[in-house]
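All remarks here apply to the structure that follows.
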Amino acid sequence: MRALSGIQPSGKLHLGNYFGMMKPVLELQQKDETFLFIANYHALTSVNEAAALRAHTRDVALDFLACGLDPERTVFYRQSDLPELHELAWLLSTVTPLGLLERCHSYKDKVAKGLAANHGLFAYPVLMAADILAVQADIVPVGQDQKQHVEVTRDIALKFNQKFGETFKIPKAVIREAVAVVPGLDGRKMSKSYNNTIELFAPPAAARKAIKNIVTDSKTVADPKDPATCNVFALYALLATEPERSAMAERYRAGGLGYGEVKEALFEKIQAAFAPFRRRREELEKDPQQVEEILQRGAARAREELRKTLKAARRAVGLE
Ligand code: ADP
Ligand code: TRP
Numbered sequence: 011m012r013a014l015s016g017i018q019p020s021g022k023l024h025l026g027n028y029f030g031m032m033k034p035v036l037e038l039q040q041k042d043e044t045f046l047f048i049a050n051y052h053a054l055t056s057v058n059e060a061a062a063l064r065a066h067t068r069d070v071a072l073d074f075l076a077c078g079l080d081p082e083r084t085v086f087y088r089q090s091d092l093p094e095l096h097e098l099a100w101l102l103s104t105v106t107p108l109g110l111l112e113r114c115h116s117y118k119d120k121v122a123k124g125l126a127a128n129h130g131l132f133a134y135p136v137l138m139a140a141d142i143l144a145v146q147a148d149i150v151p152v153g154q155d156q157k158q159h160v161e162v163t164r165d166i167a168l169k170f171n172q173k174f175g176e177t178f179k180i181p182k183a184v185i186r187e188a189v190a191v192v193p194g195l196d197g198r199k200m201s202k203s204y205n206n207t208i209e210l211f212a213p214p215a216a217a218r219k220a221i222k223n224i225v226t227d228s229k230t231v232a233d234p235k236d237p238a239t240c241n242v243f244a245l246y247a248l249l250a251t252e253p254e255r256s257a258m259a260e261r262y263r264a265g266g267l268g269y270g271e272v273k274e275a276l277f278e279k280i281q282a283a284f285a286p287f288r289r290r291r292e293e294l295e296k297d298p299q300q301v302e303e304i305l306q307r308g309a310a311r312a313r314e315e316l317r318k319t320l321k322a323a324r325r326a327v328g329l330e
């Protein structure tokens, strides 16, 4: 099985990104052939400052390598090192019905949030289809919010195959139901654009402050509480072992447990889980050359696949 996923370098990565996308992808590298890339062309739809785009791109590379991406197992690259993707995207766009793009929630949500409604934002899913189809991926591990984009990719690939003959493998989204949506500080989906995140590598004081701000109900310490409806518990549960989770749920229901105490437990869990990654990140930060070499090697490997696919697609449509 070949897996591919991508992430936009549009800000600091957070626990939602980690549990929704990074961790599943990092686990896949143990058994599947995995491709992972930094979607910096896509990020241009929301990042308008060159220095910020460069900094975020570098941060995402460091974050993934620090969190356990093994470049010997995972083909790790920057999207912008493969400009040929745009040729593939063009071929795909000629079989993409406008209605398919008009129905995308992500486009509508982003415009509602104030992003410029330009052609790049509208055609975003076509470039995403090119990313996926370029390497003939079988599975695409992503969070729930990307499911529709993978369905668009399938539709485009089917349409192309129907019209020009079998050219693309039809990929499938893989979503971890347990962590389909990680809640943010305010209980909505954790997202950079809602400003409700807990960053993976925030300094401890900033992380503690963010956790203190997680919204809870106004029950007193003595009151019994419902773990199933509590944001703090939902986040704690992602990091705790099964026995720890059950014990904490039991204490919620019994009463006598304050939200302050659970927040402190959550803070400790996050620190413990990410401390080794933080050390590794500091090491890597001192060696930008090594990181650059990893990305270049990844791009060379991805290009081999992309070239093969592109050749088949060019022949299929009659460009060759
Ligand atoms: P953001 O919403 O912060 O801008 P992105 O849209 O860049 O995050 O998402 C990057 C990846 O992380 C996607 O695969 C997405 O599905 C996943 N992801 C983001 N936020 C969450 C969340 N709160 N819960 C689960 N997965 C998430
Ligand atoms: N759209 C994805 C996101 O915002 C990023 C992305 C771009 C992607 N191309 C992809 C994800 C291909 C999976 C496969 O998170």
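For what it's worth, this note's numbering labels the leading residue of the sequence shown as 11, then goes sequentially. Idealized CB from N, CA, C, for every residue including glycine.
{"query": "Determine, using beta carbons only, whether TYR134 and HIS159 come nearer to each other than 9 Å.", "result": "yes"}
{"query": "Should ARG289 be labelled buried (16 or more other beta-carbon atoms within 10 Å of its own) or exposed?", "result": "exposed"}
{"query": "LEU92: which of ALA309, ALA322, THR319 and LEU329 sits nearest, CA to CA?", "result": "ALA309"}
{"query": "For the segment 255-263 against the segment 225-237, are there 3 or more C-beta pairs whose distance is under 8 Å?", "result": "yes"}
{"query": "Measure how close the beta-carbons of LEU248 and ALA220 come, nearest whole angstrom, since I'm counting them as under 8 Å.", "result": "No, LEU248 and ALA220 are not in contact; Cβ-Cβ is about 15 Å, not under 8 Å."}
{"query": "Look up ALA13 in the DSSP assignment and say whether it is helix, strand or coil.", "result": "strand"}
{"query": "Please confirm whether any heavy atom of the ligand TRP lies closer than 8 Å to the CB of GLN18.", "result": "yes"}
{"query": "Out of ASP73, GLU43, GLN18 and HIS66, state which residue places its alpha-carbon closest to the alpha-carbon of PHE211.", "result": "ASP73"}
{"query": "Among residues of its own chain, excluding the 5 on either side of LEU331, which ones have a beta-carbon nearer than 6 Å to its beta-carbon?", "result": "Shown here, the chain extends from 11 to 330; a query on residue 331 therefore has no answer."}
{"query": "Along the chain, which unbroken stretches of the alpha helix (DSSP H) at least 4 residues long are found entirely within the segment 172-248?", "result": "214-222"}
{"query": "Closer than 8 Å: is that where the CB of SER15 sits relative to any heavy atom of the ligand TRP?", "result": "yes"}
{"query": "Is the separation between the beta-carbon of ILE17 and that of VAL70 shorter than 9 Å?", "result": "yes"}
{"query": "Quick check: LEU110 and ALA140, are their CB atoms within less than 9 Å of each other?", "result": "no"}
{"query": "For THR55 versus GLY130, is the C-beta spacing smaller than 9 Å?", "result": "yes"}
{"query": "Compute the Euclidean distance between the alpha carbons of ARG307 and TYR87, then round it to the nearest angstrom.", "result": "8 Å"}
{"query": "DSSP three-state call for GLU59: helix, strand or coil?", "result": "coil"}
{"query": "Give me the residue from ALA61, VAL184 and LYS169 with the minimum Cα distance to SER15.", "result": "VAL184"}
{"query": "Please state the DSSP three-state secondary structure of PRO298.", "result": "helix"}
{"query": "Give every residue of the same chain whose Cβ lies closer than 7 Å to the Cβ of ASP80, excluding the five residues on either side of it in the sequence, and list them in chain order.", "result": "GLN39"}
{"query": "Report the option in THR84, ALA275, GLU161 and GLY78 whose CA atom is closest to the CA atom of ASP42.", "result": "THR84"}
{"query": "Given the structure, does GLN154 come close to the ligand ADP, in the sense that its CB is under 8 Å from one of the ligand's heavy atoms?", "result": "yes"}
{"query": "Can the beta-carbon of ARG218 be found closer than 9 Å to that of PHE178?", "result": "no"}
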